[in-house]
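Working notes, structure below.
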Amino acid sequence: MILSDLTIAPARALDAGRLSDVMTCANAQHEWLPRAHSRAEEIGTLGDMIDVGWVQVARTDEAVVGFVVRRGAEIHGLYLHPKAQGKGIGRRLINV
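Here the numbering used here = 1-based position in the sequence shown + 972.
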């Protein structure tokens, strides 16, 4: 993953499926964290949050690598693909 091509921008409606993939990969690292919703429910909820402008996405030329869900100053979620963790991307998302 090349970070020089990293961009952070508002999520688009068509990003919801990719965001669900990132969420699934991130959550899979935690054995204690059960999957509480179906993929369809996750995509629907993410789509709703995208529609109201709460989601910022970090992407490289290759893929969506993470996202933050924020309403005003309150962060509701921060997810990074495991391969994107430890590279300062989460910090950049929080500071957007």
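A virtual CB, placed ideally from N, CA and C, is assigned to each residue, including glycine.
Indicate the three-state DSSP secondary structure (helix, strand or coil) for residue i in the structure shown.
i       : result
Pro1054 : helix
Ala1030 : strand
Glu1046 : strand
Ala981  : strand
Gly1060 : coil
Val1024 : coil
Please report the distance separating the alpha-carbon of residue i from that of residue j.
i       : j       : result
Leu1018 : Val1029 : 12 Å
Pro1041 : Ser976  : Here residue 1041 is Val; the residue named in the question, Pro, does not match the sequence. Taking the straight line from one Cα to the other gives about 23 Å.
Pro982  : Leu1050 : 14 Å
Gly1079 : Ala988  : This structure does not reach residue 1079, given that the chain is present from 973 up to 1068, and the question cannot be answered.
Glu1034 : Trp1004 : 30 Å
Arg990  : Lys1059 : 20 Å
Met995  : Pro1054 : 10 Å
Leu1065 : Gly1025 : 14 Å
Judging by CA-CA distance, which residue of the options is the nearest neighbour of residue i?
i       : options                   : result
Ala1045 : Ala1012, Trp1004, Val1068 : Val1068
With hydrogens ignored, establish whether the beta-carbon of residue i is closer than 7 Å to any heavy atom of the ligand MG.
i       : result
Ile1022 : As far as ligands go, the structure on display features none, and thus does not contain the ligand MG.
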